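Residue numbers (our numbering): -9 to 574. Glycine included, every Cβ here is placed at the ideal spot set by N, Cα and C. These figures come from a predicted structure and were not determined experimentally.
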Ligand SMILES: Cc1cc2nc3c(=O)[nH]c(=O)nc-3n(C[C@H](O)[C@H](O)[C@H](O)COP(=O)(O)OP(=O)(O)OC[C@H]3O[C@@H](n4cnc5c(N)ncnc54)[C@H](O)[C@@H]3O)c2cc1C
């Protein structure tokens, strides 16, 4: 009987992929060598993943492709030098922020480290915000279990954090009358995953529920537990509540390595975390680094998986379209029902816009957020799911990248090699929907590891309720008048499209996880998210930022290092010095 690596090599050769060395490392299959292109790289990874193994480490080089360069950190100082934290969370996405908040239920010191200038600026700020029901993931996977649990937990999380959750429901529209034959299979899958309340809705009834739905539908399978939330507001709210309960958030802080020492035979423990802001000790570390989680695992000597990167592009429609559709709809092709991604569709948002997307395209680099005509064409075909939507309704596009393992499932477990390291890796979709459940488990793993080192008591002062910022638009006219009388800044509207006031912009700059960039303000207040997309409000917001942050305008950025607003002065008569090398 041939070994698994030999069988993998044979299968790869049959597929025309020759010269690839396959070894078994810590029960994972490791691929080394060179392939001609990115398609072959993907083919090799997926081929290996179909064999029995823990995970796949795809170290194949791609001919002619430059290796990805790490961006240099914006800062370098010694803020963290010599400090100690009981628990350190790496990554300020929704998983890291939620985990940090869960950890503050305990009487321990907690630090959340984010390499960029704000939390939720990668996948967690670039997604559809769907609290999926948990149907799409294959039964028995971590994705299915965490999604269904996360979906239920969000009711409480939304109340506690003051982030609206709308249980709008979703409908999987049937493209073909023959698909009705699949309904018993859909019910079976829903039962296997524990998704409650699903039902089949006939064509006629679908038209009654969604007046503008495409005429080309043949009924729908409906999921009443599906909902939507603002994904970035959720992550920010988690981080703010963590800070309100004693955690410290360090932005612009990139983990660059660890110090390790042997513990038991064949095992190690992390003793120190190395960052651009100093080296410090930590009793337990959570790896929630999104698309870079394999890199963090590598720093810890525990790289038993590698990631591939699946970009998704969405378009945002004008708020006026919100009235044209209540539920999320999608119409997958038959082959997509078994595919690795759900295929996208139309998704309402809590703010009233509709989103169309996301697409799914494998890309060779991690943080690559460009959008192309091909993406736009793909999105246009989904616009037709609603007869009333027009291309002119589109305000803008955005892209995010999903962090996928080759087995296409989440990795949520304590490291088998490093005593005090917990992985929350490969958190692709439905990672947002699963976040509350993932956070509960990784925090529990961390506390278990801590309890082996010291006594851990509950944090008696833990307050799950976040002090949410004032939102004048949620107030009655009388309450709003009173608010403006007490603080006129809430009456000075800065963003006319979204009706955001100066007071809200100021609050975002003073919050417990303050916005330091224009995008940070946008995520917290929605200023700049409307039809004009910042055309009118940007200069005014920059003035407020400059005054609040006590920084000259020339140093303000859109999204952190490398995104300065101003490159220099246009009039020579001004005595101030110009700043070089920024983005206009
Ligand atoms: C287009 C698109 C649509 C999606 N739609 C949905 C949806 O509707 N519903 C759903 O459930 N899921 C959805 N997802 C998936 C969801 O966005 C992700 O599963 C989730 O956001 C992952 O969160 P995360 O915290 O693991 O990763 P991230 O949000 O990427 O956070 C990881 C963070 O770690 C930081 N980091 C990395 N390396 C370091 C380091 N060395 N030091 C310090 N910090 C570091 C990064 O800067 C980053 O901020 C979608 C994804 C995409 C791309």
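query                                                                                                                                : result
Check: residue 93 C-beta below 7 Å from any heavy atom of ligand 1                                                                   : no
Distance between residue 214 and residue 540 (C-alpha atoms, nearest Å)                                                              : 48 Å
Continuous beta strand (DSSP E) stretch holding residue 18: start and end                                                            : 18 to 22
Identity of the residues DSSP links to residue 305 by a beta bridge                                                                  : 346, 387
Length of the line joining the Cα atoms of residue 317 and residue 6                                                                 : 45 Å
Residue 20, buried or exposed, once every other Cβ within 10 Å from all chains shown has been counted against 16                     : buried
Through-space distance from residue 519 to residue 127, alpha-carbon basis                                                           : 32 Å
Per DSSP, the bridge partner or partners of residue 274                                                                              : 77
Alpha carbon of residue 64 to alpha carbon of residue 397, nearest angstrom                                                          : 34 Å
Simplified DSSP assignment, three categories, for residue 219                                                                        : coil
Closest Cα partner of residue 269 within the set 69, 156, 234                                                                        : 69
Meets three-Cβ-pair contact criterion under 8 Å: the segment 217 to 227 and the segment 124 to 138                                   : no
Beta-carbon gap between residue 458 and residue 152 smaller than 8 Å                                                                 : yes
Secondary structure, beta strand (DSSP E): runs of 3+ residues fully inside the segment 361 to 440                                   : 384 to 395, 401 to 404, 411 to 415
Segment limits, beta strand (DSSP E) that includes residue 335                                                                       : 335 to 338
When 60, 543, -6, 426 are compared against residue 281, the one with the closest alpha-carbon                                        : 60
Alpha-carbon to alpha-carbon, residue 445 and residue 389                                                                            : 44 Å
Classification of residue 43 by the beta-carbon crowding that lies within 10 angstroms, buried from 16 upward                        : buried
Buried or exposed (CB count within 10 angstroms, at least 16 for buried), residue 335                                                : buried
Any non-hydrogen atom of ligand 1 within 7 Å of residue 111 CB                                                                       : yes
Through-space distance from residue 273 to residue 80, alpha-carbon basis                                                            : 14 Å
Contacts around residue 8, its chain only, beta-carbon distance under 7 Å, and the 5 residues preceding and following it disregarded : none
Residue 554 versus residue 505 - alpha carbon distance                                                                               : 15 Å
Buried/exposed call for residue 256, threshold 16 Cβ in 10 Å                                                                         : exposed
Continuous alpha helix (DSSP H) stretch holding residue 247: start and end                                                           : Unbroken run through residue 247 is the beta strand (DSSP E), 245 to 252; no alpha helix (DSSP H).
Residue 259 - containing beta strand (DSSP E), residue span                                                                          : 258 to 265
Per DSSP, cross-strand counterpart(s) of residue 268                                                                                 : 265
Assumed close pair residue 122, residue 420 - CB separation to whole angstroms, cut-off 8 Å                                          : 4 Å
Endpoints, the alpha helix (DSSP H) within which residue 48 is located                                                               : That residue, residue 48, is in no alpha helix (DSSP H); its beta strand (DSSP E) goes 46 to 48.
Buried or exposed (CB count within 10 angstroms, at least 16 for buried), residue -2                                                 : buried
Beta-carbon proximity list for residue 365, same chain, < 8 Å, skipping 5 on both sides                                              : 303, 349, 351, 387, 389
Cut-off 7 Å between Cβ atoms - residues of its own chain near residue 209, not counting five sequence neighbours on either side      : 164, 170, 190, 191, 192, 193, 196
Distance cut-off 7 Å: residue 59 Cβ against heavy atoms of ligand 1                                                                  : no
Cβ contact (3+ pairs, closer than 8 Å) linking the segment 432 to 452 and the segment 281 to 293                                     : no
Length of the line joining the Cα atoms of residue 512 and residue 275                                                               : 31 Å
Meets three-Cβ-pair contact criterion under 8 Å: the segment 408 to 417 and the segment 300 to 315                                   : no
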